[in-house]
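In what follows, a structure is listed as structure tokens, so that the remarks can point back to it.
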Amino acid sequence: MTPRGWLRLALGAVLLAVLAWGVTRGLERALAPEPAAEPADAGPAPPPEGVPRITATLYYASSDGQALVPVRREITLAEGVVPQGREILSAQLQGAPPPYISVVPEGTTLRAFYVTERGEAFVDLSPEVSTGHPGGTFAELLTVNAIVNAVTTNLPAVERVQILIDGQEADTLAGHVDLRRPLQQDDSLVREEPEIQ
Amino acid sequence: MRATATTVIILLLVLSQPQAQGTPPGTPLTLVTREGRRPVPTTVLSGQELIALDDLASLFQVSVREDTLAGGLTITYRGRTIVASTDQPMASVAGRVVALPAPAVRAGRRWLVPLEFLPRALGPIYDQRIDLRRPARLLVVGDLRVPRVTARIDAAGPPTRATIEIAPAAPVALAVDGGRVIVRIDADALDLALPTGGGGLIEQVRAGDQPNSVTVVLSGRAGPARAAATEADAVARVAIEVPSIAPPTAAAPATPLPPPTSEPASPLPVLTASRPVLQTIVIDPGHGGEDVGARGAGGTEEKQITLDVARRLRTIIEARLGVRVVLTRDEDRAISLDERAAVANNGKADLFLSLHVNASVAPTVAGVEVFHLRLDREGEDARRAAETQAVSLPVLGGATRTIDVVRWDLAQARHVKASAVLAGILEEELQEQAAMGPRPLQEAPLRVLTGANMPAALVEMGYITNRAQENLLRSDTYQASLAQAIYDAILRFREYLEEGRTP
Chain A
11 MTPRGWLRLA
21 LGAVLLAVLA
31 WGVTRGLERA
41 LAPEPAAEPA
51 DAGPAPPPEG
61 VPRITATLYY
71 ASSDGQALVP
81 VRREITLAEG
91 VVPQGREILS
101 AQLQGAPPPY
111 ISVVPEGTTL
121 RAFYVTERGE
131 AFVDLSPEVS
141 TGHPGGTFAE
151 LLTVNAIVNA
161 VTTNLPAVER
171 VQILIDGQEA
181 DTLAGHVDLR
191 RPLQQDDSLV
201 REEPEIQ
Chain B
14 MRATATTVII
24 LLLVLSQPQA
34 QGTPPGTPLT
44 LVTREGRRPV
54 PTTVLSGQEL
64 IALDDLASLF
74 QVSVREDTLA
84 GGLTITYRGR
94 TIVASTDQPM
104 ASVAGRVVAL
114 PAPAVRAGRR
124 WLVPLEFLPR
134 ALGPIYDQRI
144 DLRRPARLLV
154 VGDLRVPRVT
164 ARIDAAGPPT
174 RATIEIAPAA
184 PVALAVDGGR
194 VIVRIDADAL
204 DLALPTGGGG
214 LIEQVRAGDQ
224 PNSVTVVLSG
234 RAGPARAAAT
244 EADAVARVAI
254 EVPSIAPPTA
264 AAPATPLPPP
274 TSEPASPLPV
284 LTASRPVLQT
294 IVIDPGHGGE
304 DVGARGAGGT
314 EEKQITLDVA
324 RRLRTIIEAR
334 LGVRVVLTRD
344 EDRAISLDER
354 AAVANNGKAD
364 LFLSLHVNAS
374 VAPTVAGVEV
384 FHLRLDREGE
394 DARRAAETQA
404 VSLPVLGGAT
414 RTIDVVRWDL
424 AQARHVKASA
434 VLAGILEEEL
444 QEQAAMGPRP
454 LQEAPLRVLT
464 GANMPAALVE
474 MGYITNRAQE
484 NLLRSDTYQA
494 SLAQAIYDAI
504 LRFREYLEEG
514 RTP
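Sequence order for the protein chains is A and B. Residue numbering for the first sequence follows the numbering used here, starting at 11 and increasing by one per position. Residue numbering for the second sequence follows the numbering used here, starting at 14 and increasing by one per position.
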């Protein structure tokens, strides 16, 4: 066999190996529970170099869409409950890191965030959270629980969270979940991933 | 390492053929046709009742072919085709996808399909109507008269009172024969839903000796029974009254005394004086008007599906139960969530049912889910207040009247227990007819339920964000089976309410 022939053979073998590795990794990803390790390539951007940071728990839909998954992300450290809450919510409102799916409609921004002395937080969101919502009780429960849990899990001072839309008290996001009163943390749709780092 | 193990498991799964070892069900299935009745063999395998395709081939003149290339089974009837999947719980029926509770499974050399295959897959392409009456174990083929027959003991007595209802109504012949009342119904077969036990002087209500009769067996202490049939709202009702043996008179001292009874000596209040537990049902088709609700990739809108199913449900409830049904909207218009509850509260409804279609951020999520209200802290306080703080107000004439104190916007608080029962029954009946979602029964703070001052639940009838479910939600067959399941649940919930009233 000519050197060129050997080269082709070697290249072929390498290609096959890569392909096999890809297939098994793919299978593993399809069958195993979602990888707990945090993929570095997407989701809310980590704070820039040199900025003090803190790890917060944010909530996204699992890749099968059946549950809410708590994911640990690095966000900017802020002084005080209210500034820290704003950082948490800004990160929560951005897209989800793969393979998770964001449960907050795209384009939703945080208009205001404040906490009362009674431990009730008010999260004022832009109208996209309602106008861009796909509807359905289940999708709506995921959105509401993700926002409420992101605040209560990370800020122990907050007991209950009321969602406002465009500065106003709201009935619901899309016709289902009652938003007229502050809501408590709800873990009924949460599926813990085994090894969150 | 994990990758290798996964690959091995995959290989094992691929290589192992599903080998079914089923057990026969408790009661065989009966096929009812114009020609007569015959038993149909079925088998139960991991909770699914299955029927063999070669039995179907001979019963329904269909041809069955195994398509190894496509990984499915092709069933042909007069040029129309069903492709049943062997790995997915679904079949393609003349090009439309229908959901089944399980895929086709192989047992030795035979292929088995779930019983639902008959109404859902074969039904749409068959020349005659195929109607699976699961609780009564009947498979009705053709346009036959198979009314649903329900019986209940209204009062233990004595006198014991019972009612048998036949819906849709059919002519009835009554015969009182010693210790039995025989009800003969002019029908091809009966879809029986009879109570398991008796009550008072009625020992049992059971299927009669003829396929179209029902026998009421009386106790030895029963006197001469009276029975009368009436018809109203397309439902025939047979009212039966059984007195106890007349007490011995002084002129007949030899007659032994009747055995002592535990029944109260004074007769119970006359049944007709009390209000039926279910008089008005309010059905709430979700969304409407500008609020289209969730939308599918194919353009289907939630507001239309909810209205379609609500109308079907109204038709069958009114025809079979003779109960008033009110829809919160009967056209395509927007209506607020408070108005929906207000329709039910002002109409003094006994039951509120909101119909919706679900959506998910992932297109794979599918199935039916039932919701009832979960109270938050304020709701719990309102519930306790309703239990303990009834206020007695003086009224004209010196008497007092008790008024419940409950916030109008938390009216559901005092019905949470009954609503949880209602939702549980809905879930059980719906899973007989449809594939359920990942969380079939849930408790959630749902806005439309909070103000309803009666037992209330919300049914999400499927995920419109799933392509197959979107098609299913549009189909007549699926809508009809949802309506049937909800109707069956309402019947059972009525029994629950009746049990609660007569302790």
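We treat Cβ as the ideally placed atom computed from N, Cα and C, and that holds for glycine.
- Remark: fewer than three beta-carbon pairs, one from each stretch, lie closer than 8 Å, so the region 87 to 104 of chain B and the region 156 to 168 of chain B are not flagged as touching.
- Under the 8 Å criterion on CB atoms, residue 306 of chain B is classed as interfacial with respect to chain A.
- Here residue 173 of chain B is buried: its Cβ has 16 or more other Cβ atoms, across all protein chains shown, within 10 Å.
- In the three-state DSSP reduction, residue 255 of chain B falls in the strand class (E or B).
- For the region 372 to 384 of chain B, residues whose beta-carbon sits nearer than 9 Å to a beta-carbon of chain A comprise 372, 373, 374, 375, 376, 377, 378, 382, 384.
- Burial state of residue 55 of chain B is buried, judged by a 10 Å Cβ sphere holding 16 or more other Cβ atoms.
- Under the DSSP definition of a beta bridge, residue 49 of chain B partners with B:46.
- Relative to the Cα of residue 109 of chain B, the nearest Cα in the group B:481, B:240, B:503, B:79 belongs to B:481.
- Per the coordinates, the alpha-carbon of residue 175 of chain A lies some 59 Å from the alpha-carbon of residue 53 of chain B.
- Among the CB atoms of chain B, none fall inside 8 Å of the CB of residue 183 of chain A.
- Residue 371 of chain B counts as buried, since no fewer than 16 other beta carbons sit within 10 angstroms of its beta carbon.
- The beta carbon of residue 350 of chain B sits closer than 8 Å to some beta carbon of chain A.
- Residue environment: residue 61 of chain A is assigned as exposed (fewer than 16 neighbouring CB atoms within 10 Å of its CB, all protein chains considered).
- Along the region 106 to 121 of chain A, the positions whose C-beta sits under 8 Å from a C-beta of chain B are 111, 112, 113, read in chain order.
- Secondary structure at residue 110 of chain A: coil, using DSSP grouped into helix, strand and coil.
- Counting along the chain, no beta strand (DSSP E) covers residue 322 of chain B; the unbroken alpha helix (DSSP H) around it starts and ends at 315 to 334.
- Look at the beta carbons and you see the region 350 to 357 of chain B not touching the region 77 to 93 of chain A: under three pairs across the two are nearer than 8 Å.
- Burial is judged here by how many other beta carbons sit within 10 angstroms of a residue's own beta carbon; residue 497 of chain B has at least 16 and is buried.
- Proximity to residue 57 of chain B across B:313, B:41, B:373, B:430 peaks at B:41, based on C-alpha coordinates.
- Around the CB of residue 166 of chain A, fewer than 16 other CB atoms lie within 10 Å, so the residue is classed as exposed.
- Boundaries of the beta strand (DSSP E) around residue 94 of chain B: 93 to 98.
- With respect to residue 206 of chain B, residue 247 of chain B sits apart: the two C-beta atoms are not nearer than 8 Å.
- Only buried fits residue 382 of chain B, as 16 or more other CB atoms lie within 10 angstroms of its CB.
- Within chain B, not a single residue places a beta-carbon under 8 Å from that of residue 168 of chain A; the smallest gap is close to 15 Å.
- Annotated three-state conformation of residue 217 of chain B is strand, per DSSP.
- Using a CB distance below 8 Å, the part of the region 143 to 172 of chain A facing chain B consists of 144, 145, 146, 147, 148, 149, 151, 152, ordered along the chain.
- Under a 10 Å Cβ-count criterion, residue 59 of chain B is classified as exposed, with fewer than 16 other Cβ atoms of the shown protein chains found around its own Cβ.
- When Cβ pairs closer than 8 Å are counted between the two stretches, the region 159 to 173 of chain A is seen not to touch the region 442 to 457 of chain B, the count staying below three.
- Residue pairing from DSSP places residue 386 of chain B in a beta bridge opposite B:457.
- CA-CA distance, residue 313 of chain B to residue 145 of chain A, rounds to 13 Å.
- Looking at the backbone, the Cα of residue 75 of chain B and that of residue 334 of chain B are separated by about 37 Å.
- Annotated as distal: residue 137 of chain B and residue 63 of chain B, with beta-carbon spacing of 8 Å or more.
- A Cβ of chain A is located within less than 8 Å of the beta carbon of residue 299 of chain B.
- Taking the C-beta atoms as reference points, residue 195 of chain A is found nearer than 8 Å to residue 158 of chain A.
- At a cut-off of 8 Å between C-beta atoms, residue 396 of chain B does not count as an interface residue with respect to chain A.
- Residue-level contact check: residue 187 of chain A touches chain B, since one or more beta carbons of chain B fall below 8 Å from its beta carbon.
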